[in-house]
Amino acid sequence: MILSTLENPAGYRVVRHVGLVQGSTVRSKHVGRDIMAGLKEIVGGELRGYTELLNEAREEATSRMRAAAEELGANAIISIRYGTANIGSGAAEVLAYGTAVEIVAEQAAS
Numbered sequence: 002m003i004l005s006t007l008e009n010p011a012g013y014r015v016v017r018h019v020g021l022v023q024g025s026t027v028r029s030k031h032v033g034r035d036i037m038a039g040l041k042e043i044v045g046g047e048l049r050g051y052t053e054l055l056n057e058a059r060e061e062a063t064s065r066m067r068a069a070a071e072e073l074g075a076n077a078i079i080s081i082r083y084g085t086a087n088i089g090s091g092a093a094e095v096l097a098y099g100t101a102v103e104i105v106a107e108q109a110a111s
């Protein structure tokens with residue numbers, strides 16, 4: 002499965018449009034991460050616990066989007082985008098979406 006933020010990945014040609022696919026996950030904060038984040042706010046710096054949380058959420062949303070595309074018979078997802086939203090206190094949604102397509106490699110010019 003080829004994943005791309007581009008509309009037309011170099012070296013490939015879209016031969017069939019399959020449709021919109023998406024994947025999402027909602028994650029909540031962990032108490033330990035909240036305590037460490039509170040301490041970090043005092044001294045400044047990256048909130049690594051939250052960075053890890055968002056990376057895990059992005060990976061899960063991407064995996065679910067990929068599964069949806071495979072279910073539809075696509076071999077690529079193009080124009081991939083991500084979005085986030087707060088869901089209540091202490092939880093966030095990460096959404097991955099894109100266009101599922103069938104692509105083929107372009108033949109090299111002679």
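With our numbering, the residue at position 85 of the sequence shown is 86, and numbering never jumps. In this text, a Cβ means the ideal position worked out from N, Cα and C, and glycines have one as well.
- Cβ-Cβ separation between TYR98 and VAL22: approximately 7 Å, consistent with a contact (criterion under 8 Å).
- When rounded, the separation of the alpha-carbon atoms in LEU4 and ARG82 is 11 Å.
- Cα atoms of GLN108 and ARG17: separation of roughly 17 Å, rounded to the nearest angstrom.
- The criterion of a C-beta distance shorter than 8 Å is satisfied by ARG28 and ALA93.
- Rounded to the nearest whole angstrom, the C-alpha separation of LEU7 and LEU96 is 18 Å.
- In this structure, DSSP gives GLU94 an extended state, which the three-state scheme calls strand.
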